[in-house]
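In the working numbering, the protein residues as written are 1 to 308.
Before any comments, here is the structure.
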Amino acid sequence: MFTNNQIFAAPLAGITDRPFRAMMRRFAPDAPLVTEMISCHSLVQMRRGCVRNFDNYRDELGPVGAQIFGAEPDIMADAARILEDNGATWIDINMGCPVPKVATRAGAGAHLMRDHELAGKIISAVVRAVNIPVSIKTRLGWDDDHRDWMDLMHIASDSGARFATLHGRTRAQLYVGPARLPIIGPDCPLPIIANGDISDRATVDHVLSIGYAGAMIGRGILGRPWIIGDILGTAHMPAKVGPIVLEHLERTLTYYGTRTGVPLFRKHAAWYSAGMPNSSEFRIRVNTTSDAGMLKKIISEFWGCVDA
């Protein structure tokens with residue numbers, strides 16, 4: 001599924017769920033999208049409180065990579081099989097999440113940059129378990145004293161991974177400070193997708209010029225589901241954003257239900273309104289309602305939609 005110069009949508013926890021992926025699909029039908037990271041334990045145990053465990057990717061009408069995290073090769077392999085059965089186009093292994101509950105307490109995510117032996121075992125187990133491509137997503141290293149991302153690329157290649165995504169920060173940086181992506185030379189064993197502070201055509205062109213095989217848009221998609229289509233030149237920011245926001249809200253309510261969907265959507269409403277006149281007042285109103293009808297009314301009034 002991988003070809004050079006592709007633009008991906010990054011896996012963002014609490015954001016790139018099925019409703020938001022559907023919104024991005026409106027503007028970039030063929031772009032590869034990645035799910036929120038999914039716990040291998042949650043998936044294998046089929047915890048019913050986690051609706052994304054039951055997503056069917058086949059009806060999303062475009063390539064969807066399913067990202068999993070965990071620290072046990074056998075369980076990661078079992079989770080990958082489930083996701084393949086659910087129609088995932090490829091499996092992405094999270095080896096870069098910096099948050100403590102993943103990277104330290106669970107021994108997963110960015111922790112695997114400190115345990116290359118375990119990383120290799122996990123990649124090999126997942127590759128053997130499925131018939132679809134496997135990739136990894138990682139960072140420059142644990143901290144400035146351990147920028148050993150290239151070592152992990154060789155391990156990934158030797159273990160059967162087909163490509164990788166590199167975020168231009170260390171684990172210690174979290175998301176603070178500018179991303180600094182290294183030049184990729186001909187000695188790199190895998191195609192690498194660039195990630196970190198990429199949000200427009202100019203930054204995409206820059207990373208392609210320094211050896212990256214593609215680019216992945218992360219926080220640049222917040223409140224802008226059209227951004228990949230805009231970069232590709234296949235779509236642009238709609239003249240009327242309000243109907244897009246309302247459609248996204250309806251998809252969120254249908255997917256999660258009102259009780260979960262309304263509070264979850266507040267952050268999306270804030271991102272959509274960023275930089276607009278009276279957006280501060282709008283966010284206050286959004287954050288103080290728990291009623292779906294009222295939320296629709298507030299959104300409709302703010303964007304001047306005819307249908308409230």
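In this text, a Cβ means the ideal position worked out from N, Cα and C, and glycines have one as well.
This structure is a prediction, so every number in the text was calculated from the model and none was measured.
The beta strand (DSSP E) enclosing residue i, as first and last residue numbers
i, result
"Thr138", "Val134 to Arg139"
"Gly214", "Gly214 to Ile217"
"Asn95", "With the sequence shown as reference, residue 95 is identified as Met, and Asn is not the correct amino acid for it. Here the beta strand (DSSP E) through Met95 covers Trp90 to Met95."
"Ala194", "Ile192 to Asn195"
"Phe163", "Phe163 to His167"
Contacts around residue i, its chain only, beta-carbon distance under 8 Å, and the 5 residues preceding and following it disregarded
i, result
"Phe69", "Met37, Ile38, Ser39, Cys40, Ile93, Asn94, Cys97, Val102, Ala106, Ala108 and Gly109"
"Pro263", "Ser290"
"Thr203", "Asp197 and Ala215"
"Ser42", "Cys50 and Asn53"
8 Å contact criterion, which residue i and residue j should meet: CB distance rounded
i, j, result
"Ile75", "Val44", "6 Å"
"Pro32", "Gln67", "That pair is no contact at about 12 Å."
"Gly242", "Asn4", "Not really, about 37 Å apart at Cβ, beyond 8 Å."
"Lys137", "Thr170", "Not really, about 14 Å apart at Cβ, beyond 8 Å."
"Ser199", "Gly220", "3 Å"
"Gly65", "Val34", "4 Å"
"Asp30", "Gly62", "6 Å"
Own chain partners of residue i with C-beta closer than 6 Å, once the 5 adjacent residues on each side are dropped
i, result
"Ser375", "In the structure as shown, the chain begins at 1 and stops at 308. Residue 375 is therefore absent and cannot be evaluated."
"Ala172", "Asp143"
Start and end residues, alpha helix (DSSP H) containing residue i
i, result
"Phe69", "It is not in any alpha helix (DSSP H) - Phe69 instead sits in the beta strand (DSSP E) that spans Val64 to Phe69."
"Phe265", "Thr258 to Ser273"
"Arg9", "Correcting the residue type first, residue 9 is Ala in the shown sequence and not Arg. Note, Ala9: premise wrong, no alpha helix (DSSP H); beta strand (DSSP E) at Gln6 to Ala9."
"Pro182", "Run containing Pro182: none; DSSP gives neither H nor E here."
"Glu281", "Ser279 to Asn287"
Per DSSP, cross-strand counterpart(s) of residue i
i, result
"Ser39", "Phe69"
"Val34", "Gly65"
The ligand NAD heavy atom lying under 8 Å from the CB of residue i
i, result
"Val127", "Within the structure as shown, the ligand NAD is missing, as the structure has no ligands at all."
Beta-carbon proximity list for residue i, same chain, < 7 Å, skipping 5 on both sides
i, result
"Val126", "Met76, Ala77, Ala80, Ile91, Ile93 and Val134"
"Thr258", "Ala292"
"Met294", "none"
"Val207", "Leu181, Ala194, Ile198 and Ala215"
Distance, residue j Cα to residue i Cα
i, j, result
"Ala308", "Lys296", "Reliability fails at Ala308, whose pLDDT of 41 lies under 50, so the model's placement of it is uncertain and no value is given."
"Ala28", "Arg266", "24 Å"
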